[in-house]
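Here is the structure we will look at, set down as structure tokens.
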Amino acid sequence: MKKWLLITNEPIDERALTMSRMMSADMGTALYFAGVVRQSEGAARIAAIEYEAFQEMAEHQFEKIFVAIEQKWPIESIRIVHRIGLVKVNEPSLWVEVIAPHRGEAFAACKFLIDEMKRLVPIWKRPRE
Amino acid sequence: MKKWLLITNEPIDERALTMSRMMSADMGTALYFAGVVRQSEGAARIAAIEYEAFQEMAEHQFEKIFVAIEQKWPIESIRIVHRIGLVKVNEPSLWVEVIAPHRGEAFAACKFLIDEMKRLVPIWKRPRE
Amino acid sequence: MTTGEVMRVTINFYSYFRDLAGCADTAESVAEGATIRDLLRQLVARFPKLEAMQNSMLIAIGLEYQTRDYKLKEGDQVSLFPPVQGG
Amino acid sequence: MTTGEVMRVTINFYSYFRDLAGCADTAESVAEGATIRDLLRQLVARFPKLEAMQNSMLIAIGLEYQTRDYKLKEGDQVSLFPPVQGG
């Protein structure tokens, strides 16, 4: 499984990412997830979320999740970008691409990746008004 | 729920579609599914798949699936493009976008949409060598 | 209860059902009160290659799926096709 | 079994734990054989605002999560932080 991870202060360029897709002729599914900052966080209205990462550990924990995915499903590749720093409402903070032979394993792996990320990867957020 | 369906002979322009996303500030997830023609169909190598639709019924059946989704999940919008005619290996035949508050309902609605489409929407394929 | 009247229905074939029937569409006359099951009996007599397809055949009247028990009406547009495979 | 030797460990705080501690990192001396549980007792004495956080606190040594039973080693890099919330 090919893996590509970027934790970055820069805005996520979904167009460029989508267009740089690499997919062999045996793959039938490309699944994309964009997690976007919402204006309501609980009851409060917010203008942005500030993300902080313990970057080295975050990369290590993502790597462990990739290994678990590799052992569960025949995924060809995963690319993931997590933005840190200030991310405004309506901008993506997370972008994931999963390339797989069929949709079943693409959906399963993508959900697993995000669920495990939210459990294990040391990234925190603070709402900003 | 906003709904947009296109059954078309033209290539699917994922870049333009992704970039024309409309998403209100209360939405947190944009999920994209691209179903791409694979070079192996069963044991045989193929060069393309020819898709045929009973278009009027296909549109009606999609509409019924949209209504079912609307009743199940708080989805803001769904856009779907299904290509017909000859689609070459590595080109997308199906593109889906689901905009939702959270990822749970986005994944559930997207899977449901594709599963129901494969059960109910009168589109057929023939492999071409 | 049939009164002896006949009804005309049109039939459209899709995908490889068109090849098996040798045409894209046709028409049939059926007795009043006839069901899809009755129509299929007539069609299989005219298009014997459809016989082997009967178990997997999907049937629509207009834009809606129907079962073989559906009672045909004058002018019904019947569509017959193999399992769908979008995506 | 402790020999009376002491070990130095460094501690990093993340997210609002940094605000509660009033610093991003610090160092502690612990007795040989001390566990994370022992270290936390010392830290809570120094940084009382961390006490209320103990149930939800996540603990890593280096890049791996560890439980409170983990036996500290000389030079360990301990990270303390609230539940993670990526995405």
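If you read the sequences in order, they're chains U, F, D and L.
Just so we're aligned, residue 1 is where the first sequence starts under my numbering, counting upward by one.
Just so we're aligned, residue 1 is where the second sequence starts under my numbering, counting upward by one.
Just so we're aligned, residue 1 is where the third sequence starts under my numbering, counting upward by one.
Just so we're aligned, residue 1 is where the fourth sequence starts under my numbering, counting upward by one.
Idealized CB from N, CA, C, for every residue including glycine.
All values derive from a computational prediction rather than experimental measurement.
For residue i, the first and last residue of its enclosing beta strand (DSSP E)
i        : result
Met97/F  : First, the amino acid is wrong: residue 97/F is Glu here, not Met. Where Glu97/F is concerned, the enclosing beta strand (DSSP E) stretches over 92-100.
Lys125/U : 123-128
Met7/L   : 6-13
Leu5/U   : 2-8
Glu28/D  : 25-31
Val81/F  : 77-83
Ala60/L  : 58-61
Residue i, buried or exposed, once every other Cβ within 10 Å from all chains shown has been counted against 16
i        : result
Asn9/F   : exposed
Gly42/F  : exposed
Lys125/U : buried
Val37/F  : buried
Thr18/U  : buried
Gly4/D   : exposed
Gly28/U  : buried
Glu129/U : exposed
Gln55/F  : exposed
Glu14/F  : buried
Val78/L  : buried
Glu74/D  : exposed
Whole-angstrom distance between residue j and residue i, CA atom to CA atom
i        : j        : result
Pro83/D  : Pro122/U : 48 Å
Ile99/F  : Gly104/U : 20 Å
Asp19/L  : Val81/F  : 50 Å
Ala31/D  : Gln54/D  : 21 Å
Phe13/L  : Gly22/L  : 9 Å
Ser93/U  : Gly87/L  : 6 Å
Pro74/U  : Gln66/D  : 39 Å
Pro101/U : Gln71/U  : 15 Å
Ile46/U  : Pro48/L  : 30 Å
Met1/D   : Asp25/D  : Model confidence at Met1/D stands at a pLDDT of 49, short of 50, so the residue's coordinates are unreliable and nothing is read from them.
Ile11/L  : Val89/U  : 34 Å
Asp76/L  : Glu91/F  : 52 Å
Lys144/F : Lys111/F : What is shown of chain F runs 1 to 129, which leaves residue 144/F out entirely.
Phe81/D  : Met117/F : 15 Å
Ser91/L  : Leu72/L  : This structure does not reach residue 91/L, given that chain L is present from 1 up to 87, and the question cannot be answered.
Ser56/D  : Ser15/D  : 13 Å
Ile84/U  : Ile7/U   : 7 Å
Glu64/L  : Glu63/U  : 12 Å
Arg46/D  : Tyr70/D  : 21 Å
Pro127/F : Ala34/D  : 37 Å
Val6/D   : Asp38/D  : 13 Å
Ala44/U  : Gln85/L  : 18 Å
Ala109/U : Ala27/L  : 40 Å
Gln42/D  : Ile12/F  : 42 Å
Arg21/F  : Glu76/F  : 12 Å
Val44/L  : Glu59/U  : 29 Å
Ala52/L  : Gly62/L  : 24 Å
Residue j beta carbon less than 8 Å from that of residue i
i        : j        : result
Ala48/F  : Val87/F  : yes
Leu50/L  : Phe17/L  : yes
Met57/U  : Ala60/L  : yes
Gln39/U  : Asp26/F  : yes
Ile134/U : Leu113/U : Within the shown structure, residues of chain U are numbered from 1 to 129, placing residue 134/U beyond reach of any answer.
Ile36/D  : Arg68/D  : yes
Trp212/F : Ala34/F  : Missing from the structure shown is residue 212/F; chain F here goes from 1 to 129 and no further.
Ile78/U  : Glu97/U  : yes
Leu120/U : Gln61/U  : yes
Phe107/U : Phe66/F  : no
Span of the alpha helix (DSSP H), counted from its first residue to its last, around residue i
i        : result
Gly104/U : 103-120
Phe17/D  : 16-21
Tyr72/L  : For the record, residue 72/L in the displayed sequence is Leu; it is not Tyr. That residue, Leu72/L, is in no alpha helix (DSSP H); it is neither H nor E in DSSP.
Gly84/L  : Looking at the sequence provided, one finds Val at residue 84/L rather than Gly. Per DSSP, Val84/L belongs to no alpha helix (DSSP H) and is neither H nor E.
Leu17/U  : 14-19
Ile36/D  : 36-46
Quick one: which unbroken alpha helix (DSSP H) runs of 4-plus residues sit fully inside the stretch 36-72 of chain U? Chain order, please. 55-72
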